[in-house]
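Novice: Pasting a structure below so you can have a look.
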Amino acid sequence: MPEVLRSRQLRGSAAMFVAAVVCVFGLLAGTRQAFAYPPAGPGVTISAASISVPCGHSTTVTATVTGPTGAPDAGVTVVFSVNGGGTLSPISAITDQNGVAVTTFTAATGTTATITVTVPQFNISASTTVTITCSGVQGITTGSISGNGIGLPHTAGSPDRGLPAWALATLLTSIAVLTLAVGFLRLTARRR
0 MPEVLRSRQL RGSAAMFVAA VVCVFGLLAG TRQAFAYPPA GPGVTISAAS ISVPCGHSTT
60 VTATVTGPTG APDAGVTVVF SVNGGGTLSP ISAITDQNGV AVTTFTAATG TTATITVTVP
120 QFNISASTTV TITCSGVQGI TTGSISGNGI GLPHTAGSPD RGLPAWALAT LLTSIAVLTL
180 AVGFLRLTAR RR
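Quick note on numbering that gives the first Met the number 0: the sequence shown kicks off at 0 and runs consecutively.
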């Protein structure tokens, strides 16, 4: 049994048929039709030259602004900001003839940083995330380790002087484990 088409389906089908016939006759007659689309609207994209940056190193961050027509927009002020472990320089820039503005992100600490570009003129923004890779000890920490009255100078992060940080950590962990083991043995001996 054939399906009964609803009124809306018939109108939609009829409209598509009429549009197809008009296009075919337009092509056969040699006429061209221009269709107008609404403008794309302003936009902004952001990208980092490297998505993984070691602590203390930098990467270039590029923002591209398109205007209301979708074409690159020159002379537009953009503002960069970062949420996470790092800094940006400059934090504000003006797009060039290709709609491009550039800043430099320098990684400091942490695991990730989200960099955002905002275009106040169009009230739009875009973000990208950069992974920060920090290995070893960051910064300088000084102190001394003493045992049996002997002071051992230590500077973390300086392999040429004192005890390396990993050796200090191993030493302190060993002392803690031995202290716990001795305490356990004493407790066990008292219970017997």
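Glycine included, each C-beta is placed from N, C-alpha and C at the ideal position.
When DSSP labels each residue in this structure, what does Ile50 get in the three-state scheme?
Specialist: Taking the sequence shown and counting its residues from 1, the one referred to as residue 50 is at position 51. In this structure, Ile50 counts as coil in the three-state DSSP scheme.
Novice: For Phe79, count neighbouring C-beta atoms within 10 Å of its own C-beta (all shown protein chains included) and say buried if the count is 16 or more, exposed if not.
Specialist: On the sequence shown, position 80 is the one that residue 79 refers to. Classification for Phe79: buried.
Novice: If we call anything under 8 Å between Cβ atoms a contact, is Gln96 one with Ala70?
Specialist: Looking up residue 96 in the sequence shown gives position 97. Looking up residue 70 in the sequence shown gives position 71. No, the Cβ-Cβ distance between Gln96 and Ala70 is not below 8 Å.
Novice: Taking C-alpha atoms, which residue in Arg185, Leu171 and Ala112 lies nearest to Ala47?
Specialist: Against the sequence shown, residue 47 aligns to sequence position 48. Closest by alpha carbon: Ala112.
Novice: Over the uninterrupted beta strand (DSSP E) stretch that includes Ala112, give me the two end residues.
Specialist: Taking the first residue of the sequence shown as position 1, residue 112 is located at position 113. Segment Thr111 to Val118, the beta strand (DSSP E) holding Ala112.
Novice: Spatial neighbours of Thr59 within its chain, please: C-beta separation below 7 Å, excluding the five flanking residues on both sides.
Specialist: As a working note, residue 59 is residue 60 in the sequence shown. Around Thr59: Ala48, Val101 and Thr103.
Novice: Out of curiosity, what's the CA-to-CA distance linking Val81 and Cys133?
Specialist: Position 82 of the sequence shown, counted from the start, is the residue given in the question as residue 81. Position 134 of the sequence shown, counted from the start, is the residue given in the question as residue 133. If you take the alpha carbons of Val81 and Cys133, they lie about 18 Å apart.
Novice: Measuring CA to CA, which of Ser126, Leu170 and Thr65 is closest to Thr94?
Specialist: Numbered from its first residue, the sequence shown carries residue 94 at position 95. Closest option to Thr94, Cα to Cα, is Thr65.
Novice: Taking the alpha-carbon of Thr192 as reference, which of Thr76, Val75 and Ala107 has the nearest alpha-carbon?
Specialist: Summary: the structure shown does not reach residue 192, with the chain confined to residues 0 through 191, and so no result is reported for it.
Novice: Given Ser57, which residues of its chain have a CB within under 6 Å of its CB, disregarding the five upstream and five downstream residues?
Specialist: Numbered from its first residue, the sequence shown carries residue 57 at position 58. Once the five neighbours on either side are set aside, the close Cβ partners of Ser57 are Thr103 and Thr105.
Novice: How should Ala188 be labelled, buried or exposed, when 16 other C-beta atoms within 10 angstroms of its C-beta is the threshold for buried?
Specialist: Working through the sequence shown from its first residue, we reach residue 188 at position 189. With fewer than 16 Cβ atoms within 10 Å of its Cβ, Ala188 is classed as exposed.
Novice: Tell me, please, which residues DSSP counts as bridged to Ile123.
Specialist: Position 124 of the sequence shown holds residue 123. Ile123 pairs with Val118.
Novice: Since Val118 contacts Val43 with CB under 8 Å, what's their CB separation in whole angstroms?
Specialist: The residue labelled residue 118 in the question sits at position 119 within the sequence shown. The residue labelled residue 43 in the question sits at position 44 within the sequence shown. Between Val43 and Val118 the Cβ distance is about 5 Å, and since that is below 8 Å, they are a contact.
Novice: In this structure, how does DSSP classify Ala39 when only helix, strand and coil are distinguished?
Specialist: Taking the sequence shown and counting its residues from 1, one reaches residue 39 at position 40. Ala39: coil per DSSP, three-state reduction.
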